[in-house]
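Student:
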Amino acid sequence: MASFASSHCILKLFLLISLFSSCFGSRIIGRTLGQDNQFQLLEYHKGALLSGRISVNLIWYGKFKPSQRAIIADFITSLSSSSAPAQTQPSVASWWKTTEKYYQLANSKKPSSLSLYLGKQILDENYSLGKSLTRKQIVELASKGEQRNAINVVLTAADVIVDGFCQSTCGSHGSSKGAAIQGKNYKFAYIWVGNSETQCPGYCAWPFHQPTYGPQNPPLVAPNNDVGMDGMVINLGSLMAGTATNPFGNGYFQGPAEAPLEAASACPGVYAKGAYPGYPGNLLVDRTTGASYNAHGTNGRKYVLPALYDPSTTTCSTLV
C-alpha cells in the first residue's frame with residue numbers, strides 16, 4: 006500500500022478471525038504501485054455503510070505528548086464539513102467529501118450520509134496490556150470506546166509492538182460486536198494505527214523519512230514537525246476512508262475480502278499530481294517551515310493525506 010517499497014518486497018497479508026471480531030483492511034507494507042490498480046472500479050458488495058452521526062473515539066495506548074494527541078484530534082475534527090468554512094482550501098473536509106460519492110452510488114434515490122465528530126479520548130499511559138500486543142488485544146482496547154454508532158481508534162505509542170506492525174502493515178480496521186444495549190447487540194467499527202517513528206519510519210512514515218527500499222529521494226519535512234505522528238495521520242486517513250466505505254467487510258472493495266483494496270489503498274503512494282513510485286507528487290510547500298502538505302485543517306494545521314479512489318471518475322483523486 007505504500008509506494009516506498011520496491012518490486013522486490015514481499016507482500017504479507019493478514020486476516021484476523023475470531024468469534025467476536027474481524028479485520029477487513031490494512032495499511033499494508035510492500036504493495037507496489039500497479040498501474041492497473043488506479044483504474045479498476047471498486048465493487049459494492051451490498052453491505053451496510055456507516056451512516057448518521059458517528060463518534061470517533063481515540064484510545065491512546067502508551068505515552069503520547071499532549072501536542073501529539075492534538076495533531077490527531079485536530080485531524081478528526083477537520084473531517085467534518087461543518088468546520089470547512091474555517092479551513093483554508095484545499096481542506097481536510099474537501100478531501101473527505103470524496104467518500105460521499107460511494108454513498109450516492111450505493112443508493113442513488115435515497116443516499117445516506119455520514120457525520121463524524123470527535124468523541125471520547127481515553128488514555129492508557131501505563132500499558133495495561135503490556136508493550137507487546139496481539140490483534141485480539143487491539144480489539145479489547147477498541148472496545149473501551151463507544152459500543153454503538155462509533156469508530157474506535159486505537160493509537161499505539163512508538164515503544165509498543167503489535168503483531169505484524171512494521172513487518173507487513175502500518176495499521177488495520179475492522180468491526181466487533183459490542184455489549185448489548187437495551188437488549189440488542191450492535192457492531193462498532195475500529196481502527197488501529199501504530200507510531201512508527203522508532204520501529205520502521207522508512208516503511209510507515211514515508212514520505213517523511215528515507216524509504217527502506219526503492220529510490221532514495223530526500224524525505225519531506227513533516228507538516229506538524231513530527232515524523233511519527235504525521236505518518237500516523239496518513240495511515241489513519243487511509244483507514245478512515247476504508248472504514249467509511251467498507252466498515253463490515255461487505256461494502257466497497259476490490260479483490261479478496263481478506264486482503265481488499267479500498268478507497269485509499271487502491272491509490273498507493275499517491276499524494277499529489279505527478280506521483281510515481283518513490284515520489285509522492287507535487288505537494289504544496291510551506292514557505293516558512295519548508296514542510297510539505299496538501300490539506301489545511303482546523304487550528305491552522307496542515308496535513309499530507311493520501312489520494313482517494315473517486316468512483317465517479319474511476320481515477321485516484323488528489324487535492325493538489
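Here our numbering runs 5 ahead of the position in the sequence shown, where the first position is 1. Even glycine gets a Cβ: it sits at the ideal position worked out from N, Cα and C.
Decide if Arg292 is buried, meaning its Cβ has at least 16 other Cβ atoms within 10 Å, or exposed.
Tutor: Arg292 is exposed by the Cβ-count criterion.
Student: Is the region 51 to 58 touching the region 259 to 272 in the sense that three or more CB pairs, one from each, lie closer than 8 angstroms?
Tutor: No contact exists between the region 259 to 272 and the region 51 to 58.
Student: Give me the DSSP bridge partner(s) of Trp65.
Tutor: Note: Trp65 sits in a beta bridge opposite Leu128, Leu160.
Student: Do Ala268 and Tyr314 have their CB atoms nearer than 8 angstroms?
Tutor: Taking 8 angstroms as the Cβ cut-off, Ala268 and Tyr314 qualify as a contacting pair.
Student: Would you say Tyr308 and Ala296 are within 8 angstroms of each other, going by their C-beta atoms?
Tutor: No, Cβ-Cβ distance for Tyr308 and Ala296 is not below 8 angstroms.
Student: Can you list the alpha helix (DSSP H) stretches of 4 or more residues lying completely in the region 175 to 226, in chain order?
Tutor: Within the region 175 to 226, the complete alpha helix (DSSP H) runs of at least 4 residues are 206 to 209.
Student: Give the range of the beta strand (DSSP E) segment to which Asp315 is assigned.
Tutor: 313 to 315 is the extent of the beta strand (DSSP E) around Asp315.
Student: Excluding the five sequence neighbours on either side, which residues of its own chain have a C-beta within less than 6 angstroms of the C-beta of Gln126, listed in chain order?
Tutor: Closer than 6 angstroms at the Cβ level, and outside the excluded window around Gln126, lie Leu63.
Student: My output table needs one value for Lys307: the three-state DSSP class, helix, strand or coil.
Tutor: Of the three classes helix, strand and coil, the one that applies to Lys307 here is strand, per DSSP.
Student: In angstroms with no decimal places, state the Cα-to-Cα distance between Thr93 and Thr294.
Tutor: Roughly 18 angstroms between the two C-alpha positions.
Student: Select from Phe213, Gln221, Pro220 the residue whose C-alpha is nearest the C-alpha of Ala227.
Tutor: Of the listed residues, the one whose Cα sits closest to Ala227 is Phe213.
Student: DSSP state of Thr328, grouped into three classes?
Tutor: Residue 328 falls outside the range modelled here, since the chain spans only 6 to 325, and no answer is possible.
Student: Tell me whether Ser322 sits in a helix, a strand or coil according to DSSP, three-state version.
Tutor: Correct three-state label for Ser322: strand.
Student: How many angstroms separate the CA atom of Val198 from the CA atom of Ser113?
Tutor: When rounded, the distance between both Cα atoms is 33 angstroms.
Student: So, with DSSP's three-state summary, where would you put Leu241?
Tutor: Here Leu241 sits in helix by DSSP.
Student: Using three-state DSSP, classify Ser120 as helix, strand or coil.
Tutor: Strand.
Student: For a test of the three-state rule: what should DSSP assign to Glu48, helix, strand or coil?
Tutor: Here Glu48 sits in strand by DSSP.
Student: For Ile59, list the residues DSSP reports as bridge partners.
Tutor: BP columns for Ile59 point to Leu121.
Student: If you reduce the DSSP assignment to three classes, tell me which class Ala277 lands in.
Tutor: Three-state result, Ala277: coil.
Student: What separation, rounded to the nearest whole angstrom, lies between the Cα atoms of Glu151 and Thr320?
Tutor: Taking the straight line joining both Cα atoms gives about 35 angstroms.
Student: Nearest to Ser181 by alpha carbon, out of Leu146, Glu202, Trp211, Cys175?
Tutor: Of Leu146, Glu202, Trp211, Cys175, the residue nearest in Cα terms is Leu146.
Student: Assign Gln152 to one of three DSSP states: helix, strand, or coil.
Tutor: Three-state DSSP puts Gln152 in coil, outside helix and strand.
Student: On the DSSP letters alone, give me the boundaries of the alpha helix (DSSP H) that Arg74 sits inside.
Tutor: It spans 71 to 83 - the alpha helix (DSSP H) in which Arg74 sits, taken as one unbroken run.
Student: Compute the Euclidean distance between the alpha carbons of Arg153 and Phe193, then round it to the nearest angstrom.
Tutor: Going from the Cα of Arg153 to the Cα of Phe193 covers about 6 angstroms.
Student: Cutting at 8 angstroms between CB atoms, please list the residues of its own chain near Leu310, excluding the five before and the five after it.
Tutor: Closer than 8 angstroms at the Cβ level, and outside the excluded window around Leu310, lie Val97, Trp100, Val238, Ile239, Gly242, Tyr276, Asn299, Ala300, Leu324.
Student: Going by DSSP in three states, Val290 sits in which element: helix, strand or coil?
Tutor: Strand at Val290.
Student: Alpha carbon to alpha carbon, how far is Asp235 from Pro316? Give it in angstroms, no decimals.
Tutor: Near 27 angstroms, if we compare the C-alpha coordinates of Asp235 and Pro316.
Student: Could you check what DSSP says for Ser8 in three-state terms: helix, strand or coil?
Tutor: Summary for Ser8: the model assigns pLDDT 34, below 50, so the residue's position carries little reliability, and this model does not support an answer.
Student: Counting pairs of beta carbons, one from the region 131 to 146 and one from the region 106 to 123, are three or more of them closer than 8 angstroms?
Tutor: Segments in contact, no.
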